[in-house]
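Worksheet: one structure, shown below.
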Amino acid sequence: MIAPPPSGPVPYAEELALGLLADMLRVRRLEEKSAELYGAGKIRGFLHLYVGEEAVAAGAIRALEPQDNVVATYREHAHALLRGMPMGAIMAEMYGKQEGCSRGRGGSMHLFDASTRLYGGNAIVGGGLPLAAGLALADRLRQRAGRVTACFFGEGAVAEGAFHESMNLAALWRLPVLFCCENNLYAMGTALERSESQTDLCVKAAAFGVHAIKADGMDVVAVHEAAARGRAQVAAGDRPCFIEFLTYRFRAHSMFDPELYRDKAEVAQWKTRGPIHTYSARLKAQGMLTEERFLEIERAAQEEVAQAVAFAEAGTWEPVADLARDLHTPEGQ
Amino acid sequence: MSRISYREALRLALRDALAREPRAFLIGEDVGKYGGTYAVSKGMLDEFGPERVRDTPLSELGFTGIGIGAAIGGMRPIVEIMTVNFSLLALDQIVNTAALYRHMSGGQFSVPLVIRTSSGAGRQLAAQHSHSFEAWFAHVPGIRVVAAASIEDARGMLWPALLDPDPVIVFEYPALFNMEGECPDAVAVDIRSAKVRREGAQVSLITYGASLPKTLEAAEQLAREGIDAEVLDLRVLRPLDEAALLASVRKTRRAVVIDESWRSGGLAAEVMARIIEGAFYDLDAPPARVCSEEVPVPYAKHLEDAALPQAGKIVAAAERLVRGAGA
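Heads up: the protein sequence lines correspond to chains A and B, in order. According to this note's numbering, numbering within the first sequence proceeds without interruption in unit steps and concludes at 361. According to this note's numbering, numbering within the second sequence proceeds without interruption in unit steps and concludes at 392.
Now the structure itself:
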């Protein structure tokens, strides 16, 4: 059974309330354009879209502070964008241009940005979890109080040894990690109940002695509240926190996925819980959003996408002579 | 100059590193309370405290990844993976994160990580504890792989590895731990170069790691037979010091590669390929290999001895090259 659509008043002042909407719309339009450009052959390789899951990145990232670290997965365009990476740098990266955030070395799955403390973009499921714990350990040892490392991963990662080892070590050493599990119910095509003996992921997290919070990942308010609470607990220096965001991806796992493993009816039902239209309706119902304002936000997102595409189109290819550049750190750096 | 064991040399190097570099910390299984599996870090928990000598659970993937994250976060971790046998559990983090991170991020992040691990057979520890997987790591661009085959290297390799801004894997050899020798008080080891351990004119014996003493012993035997062998310790397994390799072979015109790992797809194959590519017309004979037999390393001593490179096999291979197939 799928829960009813998120409802109720949005408890935020206009700036945050509309900011969350704008964040989700920017991500949605970026992802839709990426799919289109994939079809046109401008973007190649693997492309994993976040359509349907926007509330998770939008709500969670607005709960973080600028000094925090973010570790993400191969479905990370939203996290990069909402942490502050220019959309053009993301698009140029997907084009493989050297103006891309990773000079075209990484593509869609490997967005990195030192300036916003985004540590990838990791295409090994669960691969980012030990890394996140290590960043947090460095912060502890360097006595950088007040910095939290937010680590995003899918529920598929929960089956990996890396999840169990990292949760145990982070809890054992009380490392400031906010584990953000984006549970979209399918690890590629394998449903959670077909891969886990215990499908309540908070029960697993609690077994490590970690605070565990479950939140409706289709409701940006619920996400933001949970993330803010989780971050505060972690920052208080107590121990790591695990949040399970129950969400759903509306599109295929990647551009190669024929979606044989789920019914169209299920997808349609989840779309009634779509994070953007349900949230817009709530804002309108409480008089915080007019149709005119909505269209303004929509136009701004589309304009940003158009500029990102233009930036990527105008980008240049890294010279082949630079192939081995950055294999090792240059002397004196 | 003082006489110390290889184990003591490793211990001095580690203590020195922790004392000199405040960002350095040791992390691994039983490095603290237990004193280190091979007693290399004995006493260091008391001296440096539990934050800098950090015992871990049996989570090779987890604590290696944590070392990588801590390195990216500004520390200089020394990750001790008890033996190379267990490094397989951490291989994903080493290969998919540490080695790729800088290049894949367009040069935004370096990973100044040192991994220490022990390798090799020869102590009747049977198949699962006798592996030599140096070549697997040496296969991967983005990491530097070094092998400490001498007391001087055991004493002097860790510090330059710690100064390296990129991941370095230092291989240590339990078969050599009780070896004693003279060690200079101030050791500056160049972890970018191979080293000639014995000068010779007629054949190059090229090796690394625990096979070095056996190879030097073989060179002594050959000398008694009137064959003047050069011994080259590769020391850096990635990137290979090709210039030193080719210089030695061009001088002696013959090469035997001694490698404790298996022959198929091993490091010896790579070394031979470099020789063929770079010094084919300088050779007087086809290069030869002395590797481990292609079986899991057995427990029984006579079988284990038979499976590994030994001085006798090295001597025989060198004799064939110098005196011809009929010798």
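Even for Gly, the Cβ is constructed at its ideal location relative to N, Cα and C. Since the model is a prediction, treat every value here as computed from it, not as a measurement.
With a threshold of 9 Å between beta carbons, is residue i in contact with chain A?
i, result
"B:L83", "no"
"B:D231", "yes"
"B:A405", "Past the boundaries of the shown model lies residue 405 of chain B; chain B is included only from 66 to 392, so the question cannot be answered."
"B:I216", "no"
"B:M140", "yes"
"B:L126", "yes"
"B:E116", "yes"
"B:Q158", "yes"
"B:P206", "yes"
Using a threshold of 9 Å, state whether the C-beta atoms of residue i and residue j are closer than that.
i, j, result
"B:V321", "B:R354", "yes"
"B:F242", "B:R72", "yes"
"B:G139", "A:R170", "yes"
"B:L373", "B:G134", "no"
"A:V99", "A:L157", "yes"
"B:L239", "B:Y103", "With the sequence shown as reference, residue 239 of chain B is identified as Pro, and Leu is not the correct amino acid for it. A contact, by the Cβ cut-off of 9 Å."
"A:V348", "A:G36", "no"
"A:Y123", "A:A340", "yes"
"A:L197", "B:I159", "no"
"B:P225", "B:V254", "yes"
"A:M113", "A:V337", "no"
"A:D38", "A:M316", "The sequence given here has Val at residue 38 of chain A, not Asp. Yes, these two residues count as a Cβ contact at 9 Å."
"A:G189", "A:G154", "yes"
"B:L126", "B:D95", "no"
Just to confirm my understanding: we take residue i, look at its own chain, exclude 5 residues before and 5 after, and list those with CB closer than 7 Å. What are they?
i, result
"A:R57", "A329, Q330, V333"
"A:A161", "S194, L197, A198, L203, V205"
"A:P33", "T300, R301, T306"
"B:A89", "A82, L83, R141, I143, L227"
"B:A333", "V322, D324, R354, C356"
Could you tell me the alpha carbon to alpha carbon distance between residue i and residue j, rounded to whole angstroms?
i, j, result
"B:R339", "B:A259", "14 Å"
"A:D228", "A:I241", "11 Å"
"A:A108", "A:G73", "19 Å"
"A:R279", "A:L213", "13 Å"
"A:M283", "B:S170", "23 Å"
"A:G149", "A:D141", "10 Å"
"A:V262", "A:A199", "11 Å"
"B:P304", "B:R209", "6 Å"
"B:E358", "B:K366", "15 Å"
"A:C209", "B:V233", "32 Å"
"B:T317", "B:S269", "6 Å"
"B:A275", "B:G265", "21 Å"
"B:A214", "B:G389", "30 Å"
"A:F270", "A:A233", "7 Å"
"A:R202", "B:G343", "54 Å"
"A:G67", "B:L348", "56 Å"
"A:A243", "B:R257", "52 Å"
"B:E86", "B:R319", "44 Å"
"B:V105", "B:W327", "28 Å"
"A:R290", "A:G174", "43 Å"
"A:L65", "A:I71", "6 Å"
Any Cβ of chain B within less than 9 Å of the Cβ of residue i?
i, result
"A:A166", "yes"
"A:N211", "no"
"A:D285", "no"
"A:I152", "yes"
"A:P347", "no"
"A:T357", "yes"
"A:H138", "yes"
"A:C129", "yes"
"A:Q361", "yes"
"A:L323", "no"
"A:D96", "no"
"A:L48", "no"
"A:Y102", "no"
"A:A142", "yes"
Can you name, in chain order, every residue of its own chain whose Cβ lies under 6 Å from the Cβ of residue i, other than the five neighbours on each side?
i, result
"A:Y102", "H76, M137, A151"
"B:Q286", "V380"
"B:S195", "A186, V362"
"A:Q297", "I30"
"B:V211", "M222, V235, I256, V301"
Spatial neighbours of residue i within its chain, please: C-beta separation below 8 Å, excluding the five flanking residues on both sides.
i, result
"A:S130", "E121, H138, L139, F140, G149"
"B:E369", "A186, G187, Q189, S195, V362, P363"
I'd like to confirm something about residue i: is its beta-carbon nearer than 8 Å to some heavy atom of the ligand PLP, or not?
i, result
"A:A309", "Among the components modelled here there is no ligand, and therefore nothing to report on the ligand PLP."
Which of the residues in the segment 164-181 of chain B, read from start to end, lie with their CB under 7 Å from any CB of chain E?
Absent from the structure is chain E; the protein chains it does hold are A and B.
Which parts of the segment 312-383 of chain B are runs of the alpha helix (DSSP H), unbroken and 4 residues or longer, counting only runs that do not cross its ends?
332-344, 366-372
Along the chain, which unbroken stretches of the beta strand (DSSP E) at least 3 residues long are found entirely within the segment 48-115 of chain A?
97-100
Could you tell me which whole beta strand (DSSP E) segments of length 3 or greater appear in the segment 158-213 of chain A?
177-182, 205-211
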